[in-house]
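One structure is given here, and the rest of the page talks about it.
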Amino acid sequence: MGNDQSPPSRNGASRSRRIGMWLFLVYVILYAGFMGLVLFRPDMLSWRPFGGVNLAIAYGMGLIAAAFLLAFLYMIACRCDATDA
Amino acid sequence: MIYESSPVAIAIFASFVLGVVGLSFWLGRKGQSAKGYYAAHGEIHWFVNGIAFAGDYLSAASFLGICGMIAFYGYDGFLYSIGFLAGWIVALFVIAEPIKALGKFTFADALDARFNSRGIKLAVAISTLIVSIFYLIPQMVGAGHLIVPLLGLPHAVGVILVGVAVTLIVVTAGMVSTTWVQFIKGSLLVFFCAVLTVMILGRGLEVNAGRAGDEDLTAQVRTVTPEGKVLVNGQPQTAENDLRAVGTIHALPARYGDARETGPLRPLEYLSTLEDSKVVTWSAKKHTDEQGSHTTYSPTIREGKDLLKPGGYFKGLSSGSLTDRLNFASLMLALFCGTASLPHILIRYYTVKDAAAARKSTVVGIAAIGGFYVLTLYLGLGAMTSGYLDPTSSNMAAPLLAKSFSETLFAVISAIAFTTVLGTVSGLIMAGSGAVAHDLIENFCGVQMTDHEKVRAGKIAAVGLGLAAMALGILFRNFNVSFLVGWAFHIAASANLPALVMLLFWSRTTKQGITAAVTVGMLSSLGWILLSADTFEKVYGLSRAASPIPFSQPGLVTIPLGFLVLVVVSLLTPRPTPRQVSA
Numbered sequence: 568m569g570n571d572q573s574p575p576s577r578n579g580a581s582r583s584r585r586i587g588m589w590l591f592l593v594y595v596i597l598y599a600g601f602m603g604l605v606l607f608r609p610d611m612l613s614w615r616p617f618g619g620v621n622l623a624i625a626y627g628m629g630l631i632a633a634a635f636l637l638a639f640l641y642m643i644a645c646r647c648d649a650t651d652a
Numbered sequence: 002m003i004y005e006s007s008p009v010a011i012a013i014f015a016s017f018v019l020g021v022v023g024l025s026f027w028l029g030r031k032g033q034s035a036k037g038y039y040a041a042h043g044e045i046h047w048f049v050n051g052i053a054f055a056g057d058y059l060s061a062a063s064f065l066g067i068c069g070m071i072a073f074y075g076y077d078g079f080l081y082s083i084g085f086l087a088g089w090i091v092a093l094f095v096i097a098e099p100i101k102a103l104g105k106f107t108f109a110d111a112l113d114a115r116f117n118s119r120g121i122k123l124a125v126a127i128s129t130l131i132v133s134i135f136y137l138i139p140q141m142v143g144a145g146h147l148i149v150p151l152l153g154l155p156h157a158v159g160v161i162l163v164g165v166a167v168t169l170i171v172v173t174a175g176m177v178s179t180t181w182v183q184f185i186k187g188s189l190l191v192f193f194c195a196v197l198t199v200m201i202l203g204r205g206l207e208v209n210a211g212r213a214g215d216e217d218l219t220a221q222v223r224t225v226t227p228e229g230k231v232l233v234n235g236q237p238q239t240a241e242n243d244l245r246a247v248g249t250i251h252a253l254p255a256r257y258g259d260a261r262e263t264g265p266l267r268p269l270e271y272l273s274t275l276e277d278s279k280v281v282t283w284s285a286k287k288h289t290d291e292q293g294s295h296t297t298y299s300p301t302i303r304e305g306k307d308l309l310k311p312g313g314y315f316k317g318l319s320s321g322s323l324t325d326r327l328n329f330a331s332l333m334l335a336l337f338c339g340t341a342s343l344p345h346i347l348i349r350y351y352t353v354k355d356a357a358a359a360r361k362s363t364v365v366g367i368a369a370i371g372g373f374y375v376l377t378l379y380l381g382l383g384a385m386t387s388g389y390l391d392p393t394s395s396n397m398a399a400p401l402l403a404k405s406f407s408e409t410l411f412a413v414i415s416a417i418a419f420t421t422v423l424g425t426v427s428g429l430i431m432a433g434s435g436a437v438a439h440d441l442i443e444n445f446c447g448v449q450m451t452d453h454e455k456v457r458a459g460k461i462a463a464v465g466l467g468l469a470a471m472a473l474g475i476l477f478r479n480f481n482v483s484f485l486v487g488w489a490f491h492i493a494a495s496a497n498l499p500a501l502v503m504l505l506f507w508s509r510t511t512k513q514g515i516t517a518a519v520t521v522g523m524l525s526s527l528g529w530i531l532l533s534a535d536t537f538e539k540v541y542g543l544s545r546a547a548s549p550i551p552f553s554q555p556g557l558v559t560i561p562l563g564f565l566v567l568v569v570v571s572l573l574t575p576r577p578t579p580r581q582v583s584a
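Chains as they are written, first to last, in this note's numbering: chain A, 568 to 652; chain B, 2 to 584.
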């Protein structure tokens, strides 16, 4: 895989890959945190800290927003690598 | 409930379906190569492909199933939205670019790229077929449910109609037309759901859905006699003697005093006001005696704050039942891992020119799909309080919500939902026909075919899959479509993900390991589903207690099992050659 790439772009690709893995890890932690609350502390999800909206909705919406944000960051990181290469 | 069709609804619906099929014929008018039929020549623009991802993914389960589940059970339907979107993170960060670099037409190409193994080809082709068929069932069920109120035709006619239209789309132009159908459908679905959400917020919340007095809280009984006659509250079902539409606000928060409506609300204000309101929800209970099968629909006045937290559908989350919590954890794991293993999603990576385009189209897909899933919460809650819910069918909540605004909007939303089904089913049939023609006939059986014959074999397979989909759609008509699609995610995640991930990240992976992991993951998850308490009760009509399986959702066991089998078998078989590792 990727054998036809020149060394600089291969370095760029592997750096993007590493960034991708870190971003993936961030999301996994967020997702696992949500699942942990739903499974073991569902009472906490009734707490209403955000403009009258409870934590269940705020965290759920936050996960959707986080997915987009991380995806966007990844695209920028990959674009920088392509430019560097 | 009995529905009457309107000429406007029929005209709008017919124009959508004919437009889609016509587009397909137009795109397929030129002669085709195998690369054109299976991978749209790899020339689709990444933005179009990204929206087409949304078109592929936002299926009947996402639109009809999630909205219905939120409308009937509250927050728990939104958990499906969260899980469905989370799976795209795996697709973007782990799968997208490598799968594009490894494959040609199908998912089996990617898994087999290093090994050229007949075992891998066979196992992956069968797993692709099984996942595609399990994913097809809820789409066809959803199509049937849409046809009933829109055209006043029986459920089975809807299933057959979508089956015929989709087979025509796939047979005429393959992946090119499938992609454009998905692009149009994905754009329309997100746009019109946003319009519907703006209308929900503009209407705000109204006691008894704007009607005088309180909602009628008398229980309703629907009976099917041994002769097959339908009775409502003991009398024959007619347009005049039918079940009432249900689901309203019972009381607004105290701060509104005697007011019966809130007026327009901002997005967060809508949610917080609903949390402080009281809502009438309806539940069904069945019993059978010598006079027939009776379903009693009973109302409950519930606090909004209880509907906006987990536990309405997944009861164990509030009761603390271990089995229910395992079921839930297993489902959410399968949704997380399943997306990046769905064959009809994976083949879309071959329609763009390179890995960068694959990545960019995934990001566009995440934006469109994520935006849509935020809207599902408002659509579901809007349906819950619209006074238009059909107590017999959660799948009809979203179209009936549109009907609460206007007949025309109802027709447009139903037509889009139907196009949604057309798009998703055509993607699934493409994936399945590729598995049969390219993976099984050409690669596994070694049948040498010309380019033209490859395309013809794919088209014949598509017709066969279309017929199977129609039969299964009629058989499974009484299931919630989100529930059904969960099964497809379990099988896909158990059979495909371990092999994909380990092939990409563990150089010691062998062809025997991949074959064993796909086979064991597929058979164990399929067997688990067939022996589960849910299947015993809802498919076989047997007691839940007769099931030998401790909880119904297999992913928590079968996904790790797939990884374990791959590691053990790979360690027990000869190392791959250096050439295979670096391929």
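C-beta atoms are modelled at their ideal positions from N, C-alpha and C, and glycine is treated no differently. Bear in mind the structure is a predicted one, so any value in this text is a computation, not a measurement.
Here DSSP, grouped into helix, strand and coil, assigns GLY293 of chain B to strand.
Taking 7 Å as the cut-off between beta carbons, the residues of the segment 265 to 289 of chain B near chain A are LEU269, LEU272, SER273, GLU276, in sequence order. In the three-state reduction of the DSSP assignment, SER320 of chain B falls in the helix class. Taking a Cβ-Cβ threshold of 8 Å, the residues of chain A close to ARG360 of chain B are TYR641, MET642, CYS645, in chain order. Under the three-state reduction of DSSP output, PHE48 of chain B falls in the helix class. Rounded to whole angstroms, the Cβ separation of PHE406 of chain B and PRO499 of chain B is 46 Å, and the two are not in contact under 8 Å. Among the CB atoms of chain B, none fall inside 8 Å of the CB of SER581 of chain A. When 7 Å is used as the limit between beta carbons, ILE596 of chain A is near no residue of chain B, the shortest such separation being about 12 Å. Spanning the alpha carbons of GLN238 of chain B and VAL231 of chain B requires a straight line of approximately 6 Å.
Here the C-alpha atom of ARG212 of chain B lies approximately 11 Å from the C-alpha atom of ILE250 of chain B. For ARG326 of chain B, the closest Cβ of chain A is nearer than 8 Å.
A contact between stretches requires three or more CB pairs, one per stretch, nearer than 8 Å, and the segment 450 to 470 of chain B fails this requirement with the segment 193 to 200 of chain B. When secondary structure is reduced to three states using DSSP, PHE617 of chain A falls in the strand class. Chain B has no Cβ within less than 8 Å of the Cβ of PRO616 of chain A. Between VAL182 of chain B and LEU65 of chain B, the CB-CB gap reaches or exceeds 8 Å. ASP243 of chain B is a Cβ neighbour of MET2 of chain B, given a cutoff of 8 Å.
DSSP, reduced to helix, strand and coil, places ILE250 of chain B within a strand of the structure shown.
The alpha-carbon separation between ILE370 of chain B and SER7 of chain B amounts to approximately 32 Å.
In chain order, PHE537 place their CB closer than 7 Å to the CB of LEU543 of chain B, counting only its own chain and leaving out the 5 sequence neighbours on each side.
The CB of GLY371 of chain B comes closer than 7 Å to the CB of ILE631, ALA634, PHE635 in chain A, given here in chain order.
Taking one beta carbon from each stretch, the segment 152 to 170 of chain B and the segment 469 to 477 of chain B have 3 or more pairs nearer than 8 Å; the two touch.
By the Cβ rule, the segment 266 to 279 of chain B counts as touching the segment 299 to 313 of chain B, because three or more pairs are nearer than 8 Å. For the options B:ASP110, B:VAL364, B:GLY258, B:ALA61, the alpha carbon positioned closest to that of LEU123 of chain B is the one of B:ASP110. DSSP places ARG457 of chain B in the uninterrupted alpha helix (DSSP H) bounded by 452 to 476.
DSSP lists B:TRP283 as the bridge partner or partners of PRO300 of chain B. The beta-carbon distance between ILE131 of chain B and MET450 of chain B, rounded to whole angstroms, is 24 Å. This is too long to meet the 8 Å contact definition.
Rounded to whole angstroms, the gap between the alpha carbons of ALA458 of chain B and ALA15 of chain B is 31 Å. A check of alpha carbon separations from VAL142 of chain B across B:ASN497, B:ASP535, B:VAL482 identifies B:VAL482 as the nearest. In its chain, beyond the 5 residues on either side, LYS460, ALA463, VAL464 have a beta carbon closer than 7 Å to the beta carbon of VAL172 of chain B. THR289 of chain B and PRO139 of chain B have their C-alpha atoms spaced approximately 27 Å apart. In this structure the segment 406 to 424 of chain B does not touch the segment 92 to 108 of chain B; the number of beta carbon pairs closer than 8 Å is below three. With contact defined as three or more Cβ pairs closer than 8 Å, the segment 351 to 367 of chain B and the segment 510 to 519 of chain B are not in contact. Taking each of B:LEU380, B:LEU476, B:ALA12, B:VAL502 in turn and checking the Cα distance to LEU202 of chain B, the smallest one comes out for B:LEU380.
The beta-carbon distance between ALA356 of chain B and ALA102 of chain B, rounded to whole angstroms, is 5 Å. This is short enough to meet the 8 Å contact definition. Neighbours of GLY619 of chain A in chain B, taken as residues whose beta carbon is under 9 Å from its own, are LEU269, GLU270, LEU272, SER273, THR274, GLU276, ASP277 in chain order.
In this structure, the beta-carbon distance from SER294 of chain B to VAL225 of chain B falls below 8 Å.
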